[in-house]
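Visitor: In this text, residue positions in the sequence shown follow this note's numbering: the first is 8, and each later residue adds one. Backbone N, C-alpha and C define an ideal beta-carbon position, used for all residues, glycine too. Below is one structure. I have some questions about it.
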Amino acid sequence: MKAVLKLSIGVVLILALSIALLLGLLSTPYSSWVTDKLVQHLAPEELYIQDARFEFPDRFELKQLVVSRPSGPAITVDSTRLVLDLNWNNPLQPLYIKRATLDGMNVPTGIDKPERLAKWLKAWQPGSIHVKHMDFANKDFVARGFEFVYTPSGESQADTLKGYFSDGYLSAAGDQLYWKGEAFNEFRLRANLAPNLVQLDQLDFTWRGGDVQLIAEKKDKSWTINDILINHLRLASSDISSQVHNASQEIFSSIRLIEHAKTYQSSWDNSDWQLSQANIELANWKPQQGIWEQEAQVALSAESLIRGNTRLLEPQLEIELRPLDILVNNLEFLFEQGKIELSGELYPDQLNLDKLSISNLEWVQEEDNLQQKLISQLNRYSDISIDQLAITRSQVISLGEKSWQVSNLNAQGTDLVLKDSNQWALWNGNLSASANSLSLLGKNSLKPYVEMQSKQGHWKVNELFIPIQEGLIEANGEINLSRTSKPWALNIKAYGLPLDTFTPSLHLAIGWYGLADLDLNLKGLAGDDLMLKRSLDGKAKISAHDVRVQLPFDEPVLHPLIIPEINLSARRGHIDVPNISIISEDLTGEVSGSIDMAAPEQSQLAVTLSNECVSLKKSLPKGRSQLTYQCD
């Protein structure tokens, strides 16, 4: 037993004397030589150190460190400084690194054995790692001119490289980060890292001509963007690779909330639309929710917004989004020389505008696409209302299949309900409109005017005034849409109405020319089609003058006719037509019979017209025409 005790005491004394001798040598002029020999003896074979020095009491400096790798270029570090956690009073305690500083580091093909680096970090527990002037590249990204500092929060228990860097403070800055073909310059990063939590205090970089600044946090797998600021970004979808697109989609899908975002003077060019010089502010946006689920605020102003052939200049938008409700505080833009302003509220099936103002519009539609899209969009709403409508000095020309035109249009409306339960009509409000000219259905009118009002579905047209080329149309009427039967009344007076306006609908195979004066006083019920046909009551007076006709197979001459005044009466959908004799020097003819609107097959209205060569007989409304030609 005494022998064992003596041996143990001897070993301890020898070890203590050896350590004392080593420490003594490290504090003498021979320290550099001793340090270099020790490091070369203890370092692994793939690690080469050109020079190693020790600065008493706790600093090592290594020059030209090279880590050779059989699978690729070596990792090199120009200078490495290590500050050790040394206790000279107790040299046997575990040795740790307080601070490691690496300068001039080059990692050309990534770290191929991260587990060895993780093991070294776990063994030495560096209290701070500072890397300066680093170039790094692997299969995912390239970093140039980088500097980063990492300070772990405490003793790391992680056995992996990723695990070691999951709890601490990280700051990084570099000239350029190259990722999936995209260059991010002037890169700056500050972050607090913890298990299942990342607090991104700063992320700044320039990308595609723009400056990006970001503050965010990540809990578990979801990101919250606390604030993001983007300046002068120029982004075109055609320049974005599929790799970047897919990666950005993956990142975007992990964002739970954007608390605040701003862009200044930035432009986006998409395959479907282009937004130029935009200023956008966004608050409380949840990207994973639909637009009708948001509780957010959005503001936008831009130089232009283009979609297809539609160009909006200087658009401005301010909206508040709430579940199933979008409050439009302001939307205005310039379109086709005019200005459009509106505000109001949108629901999934309702459009309620506080204000709609259109001024100085000069819109020429070469195709009906935009008009059809606008109508299709409005048809999505079951209810549409406008509290204040103002249209001034506006012109619309449609060059589509059914062309029409209105110039210098002016309209005023208040408390308008234009659609109720998917039914278009003036359900409520007051509306008046006038124009310098109107072209519709091939007819022209100068200075038309209309004034109407409605209250709780009782719609009244107080005045409809349509001057035509050689005459005038005046009308007024009403319909009560709130009642199931929809009773209506209509009064029309027309002077100088061209006969060729309505005679083609009779299918008489005759060219009619001349003018007619009409005086119609009708009423009925419009609850459904049968009710409309069975309830028609009223009278009509037709006076035709300067009438001329051209018969088929006849010489190209116009035959003048005199048609006496026609007085029609309707009762419960049955229209009586008195016998009418057509007076002419070389033609004879007559019209007689009746029309039953509810039972057209029982109608017996006959029209005959003939001269010495041509004879025409026609039964209306659906009978065939019988044409006889007798001359050689």
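Going by DSSP, name the residue or residues bridged to TRP519.
Guide: What you label residue 519 is simply residue 512 of the sequence shown in a count that begins at 1. According to DSSP, which records beta bridges pairwise, TRP519 is partnered with VAL556.
Visitor: For ASP147, name the three-state secondary structure that DSSP assigns.
Guide: Counted from its first residue, the sequence shown places residue 147 at position 140. Of the three classes helix, strand and coil, the one that applies to ASP147 here is coil, per DSSP.
Visitor: Tell me the DSSP secondary structure of ASN437 in three-state form.
Guide: Taking the sequence shown and counting its residues from 1, the one referred to as residue 437 is at position 430. Reduced to three states, the DSSP call for ASN437 is strand.
Visitor: Can you find the residues in the same chain that come closer than 6 Å, C-beta to C-beta, to SER75, ignoring five residues on each side of it along the sequence?
Guide: Taking the sequence shown and counting its residues from 1, the one referred to as residue 75 is at position 68. So the qualifying residues of the chain are GLU53 and ALA81.
Visitor: Taking contact to mean 3 or more Cβ pairs, one atom from each stretch, closer than 8 Å, check whether the region 587-599 and the region 562-570 are in contact.
Guide: The answer is yes - the region 562-570 touches the region 587-599, with three or more Cβ pairs under 8 Å.
Visitor: Locate the beta strand (DSSP E) running through ASN192, then write down its first and last residues.
Guide: Translated into the one-based positions of the sequence shown, residue 192 becomes position 185. That run of the beta strand (DSSP E) goes 189-201.
Visitor: Provide the residue(s) that pair with TRP292 in DSSP beta bridges, ordered along the chain.
Guide: Translated into positions along the sequence shown, residue 292 becomes position 285. Partner(s): ILE265.
Visitor: Take ASP65 and list the residues in its own chain whose beta-carbon comes closer than 7 Å to its own, dropping the five residues that flank it on each side.
Guide: Here residue 65 refers to the residue found at position 58 when the sequence shown is read from its first residue. So the list reads VAL90, LEU91 and LEU93, once near-sequence residues are dropped.
Visitor: If I measure Cβ to Cβ from ALA303 and keep anything under 8 Å in the same chain, skipping five residues before and after, which residues do I get?
Guide: In the sequence shown, residue 303 corresponds to position 296, counting from 1. Counting only Cβ-Cβ distances below 8 Å, and skipping sequence neighbours, we find LEU289, ALA290, ASN291, TRP292, LYS293, GLU327 and LEU328.
Visitor: Inspect the beta-carbon positions of LEU525 and ALA547 and report whether they are closer than 8 Å.
Guide: As a position in the sequence shown, residue 525 is number 518, starting the count at 1. As a position in the sequence shown, residue 547 is number 540, starting the count at 1. For LEU525 and ALA547, yes; Cβs fall inside 8 Å.
Visitor: Rounded to a whole number of angstroms, what is the C-alpha to C-alpha distance between SER248 and ILE265?
Guide: Along the sequence shown, one-based indexing puts residue 248 at 241. Along the sequence shown, one-based indexing puts residue 265 at 258. Using only the alpha carbons, I get a separation of about 25 Å.
Visitor: Among SER542, ASN528 and LEU522, which has the Cα closest to the Cα of GLU550?
Guide: The count along the sequence shown starts at 1 and reaches residue 550 at position 543. Here the sequence assigns Ser to residue 550, which means Glu is not the residue at that position. Ranking the options by Cα distance to SER550, first place goes to LEU522.
Visitor: Quick one: complete alpha helix (DSSP H) runs, 4+ long, within the region 90-145?
Guide: Fully enclosed alpha helix (DSSP H) runs of 4 or longer: 121-131.
Visitor: Nearer than 7 Å: is that true of the beta carbon of GLN256 relative to any heavy atom of the ligand PLP?
Guide: As far as ligands go, the structure on display features none, and thus does not contain the ligand PLP.
Visitor: Could you check what DSSP says for LYS169 in three-state terms: helix, strand or coil?
Guide: For the purposes of this step, residue 169 is taken as the residue at position 162 of the sequence shown. Helix, per DSSP.
Visitor: Between the C-alpha atoms of TRP230 and THR270, what's the straight-line distance to the nearest angstrom?
Guide: The residue given as residue 230 occupies position 223 in the sequence shown. The residue given as residue 270 occupies position 263 in the sequence shown. Rounded to the nearest angstrom, the two C-alpha atoms are 20 Å apart.
Visitor: Starting from the C-beta of THR83, find all residues in its chain whose C-beta is less than 6 Å away, skip the five residues before and the five after it, and write them out in chain order.
Guide: Here residue 83 corresponds to residue number 76 of the sequence shown, with the count starting at 1. Counting only Cβ-Cβ distances below 6 Å, and skipping sequence neighbours, we find VAL73 and ASN113.
Visitor: How big is the Cα-Cα spacing for ALA309 and PRO330?
Guide: Numbered from its first residue, the sequence shown carries residue 309 at position 302. Numbered from its first residue, the sequence shown carries residue 330 at position 323. So the two alpha carbons sit approximately 27 Å from each other.
Visitor: DSSP three-state label for HIS581, please.
Guide: Along the sequence shown, read from residue 1 onward, the residue named residue 581 stands at position 574. HIS581 falls in the strand class under three-state DSSP.
Visitor: Grab me the residues of TYR103's own chain with a C-beta within less than 8 Å of its C-beta, minus the 5 sequence neighbours each way, in chain order.
Guide: On the sequence shown, position 96 is the one that residue 103 refers to. Correct list, in chain order: LEU91, ASP92, TRP131, GLN132, PRO133 and GLY134.
Visitor: Of the choices ILE333, LEU529 and ASN618, whose alpha-carbon is the least far from that of LEU558?
Guide: In the sequence shown, residue 558 corresponds to position 551, counting from 1. Comparing Cα positions, the closest option is ASN618.
Visitor: Out of curiosity, what's the CA-to-CA distance linking ILE262 and LEU109?
Guide: Taking the first residue of the sequence shown as position 1, residue 262 is located at position 255. Taking the first residue of the sequence shown as position 1, residue 109 is located at position 102. Distance between the alpha carbons of ILE262 and LEU109 is about 35 Å.
Visitor: Considering only DSSP beta bridges, list what TRP299 is partnered with.
Guide: Reading the sequence shown from its first residue, position 292 is the one you call residue 299. BP columns for TRP299 are empty, so no partner.
Visitor: Can you tell me whether ILE237 is buried or exposed? The criterion is at least 16 other CB atoms within 10 Å of its CB, across all chains shown.
Guide: Taking the first residue of the sequence shown as 1, we reach residue 237 at position 230. Burial call: buried.
Visitor: Residues bridged to ARG318 by DSSP?
Guide: The sequence position of residue 318 within the sequence shown is 311, counting from 1. DSSP output for ARG318 lists ILE313 as bridge partner(s).
Visitor: So, with DSSP's three-state summary, where would you put ASN336?
Guide: In the sequence shown, residue 336 corresponds to position 329, counting from 1. Strand.
Visitor: Measuring CA to CA, which of GLN284, LEU445, LYS500 and GLU477 is closest to VAL413?
Guide: Taking the sequence shown and counting its residues from 1, one reaches residue 413 at position 406. Ranking the options by Cα distance to VAL413, first place goes to LEU445.
Visitor: How would you write the range of the beta strand (DSSP E) that ARG215 sits in, first residue to last?
Guide: Mapped onto the sequence shown, residue 215 falls at position 208. No beta strand (DSSP E) contains ARG215, which DSSP labels as neither H nor E.
Visitor: The alpha helix (DSSP H) that contains ALA179, what's its start and end?
Guide: On the sequence shown, position 172 is the one that residue 179 refers to. Looking at the DSSP string, ALA179 is not in any alpha helix (DSSP H); the run it does join, the beta strand (DSSP E), is 175-186.
Visitor: So, for LEU504: in the same chain, excluding its five sequence neighbours on each side, which residues have a beta-carbon less than 8 Å away from its beta-carbon?
Guide: As a first step, residue 504 must be located in the sequence shown, where it is residue number 497. These residues qualify, in order along the chain: ILE475, GLY478, ILE480, LEU522, ALA523, ASP524 and LEU525.
Visitor: Using the C-alpha atoms, what's the distance from ASP422 back to LEU543?
Guide: Taking the first residue of the sequence shown as 1, we reach residue 543 at position 536. Taking the first residue of the sequence shown as 1, we reach residue 422 at position 415. Taking the straight line from one Cα to the other gives about 32 Å.
Visitor: Can you name the start and end residues of the alpha helix (DSSP H) that VAL457 belongs to?
Guide: As a working note, residue 457 is residue 450 in the sequence shown. Counting along the chain, VAL457 falls outside any alpha helix (DSSP H), though it belongs to the beta strand (DSSP E) covering 456-462.
Visitor: Rounded to a whole number of angstroms, what is the C-alpha to C-alpha distance between ILE486 and GLU470?
Guide: Translated into the one-based positions of the sequence shown, residue 486 becomes position 479. Translated into the one-based positions of the sequence shown, residue 470 becomes position 463. Computed Cα separation, rounded: 14 Å.
Visitor: Since GLY708 and SER160 should fall inside the 8 Å C-beta cutoff, what is the C-beta to C-beta distance between them, to a whole number of angstroms?
Guide: The question about residue 708 has no answer here: the residues shown for the chain are numbered 8 through 639.
Visitor: Please report the distance separating the alpha-carbon of LEU448 from that of GLN463.
Guide: Taking the sequence shown and counting its residues from 1, one reaches residue 448 at position 441. Taking the sequence shown and counting its residues from 1, one reaches residue 463 at position 456. The straight-line gap from Cα to Cα measures roughly 32 Å.
Visitor: Quick check on the burial criterion: 16 or more other C-beta atoms within 10 angstroms. Buried or exposed for ALA501?
Guide: Taking the sequence shown and counting its residues from 1, one reaches residue 501 at position 494. Under this definition ALA501 is a buried residue.
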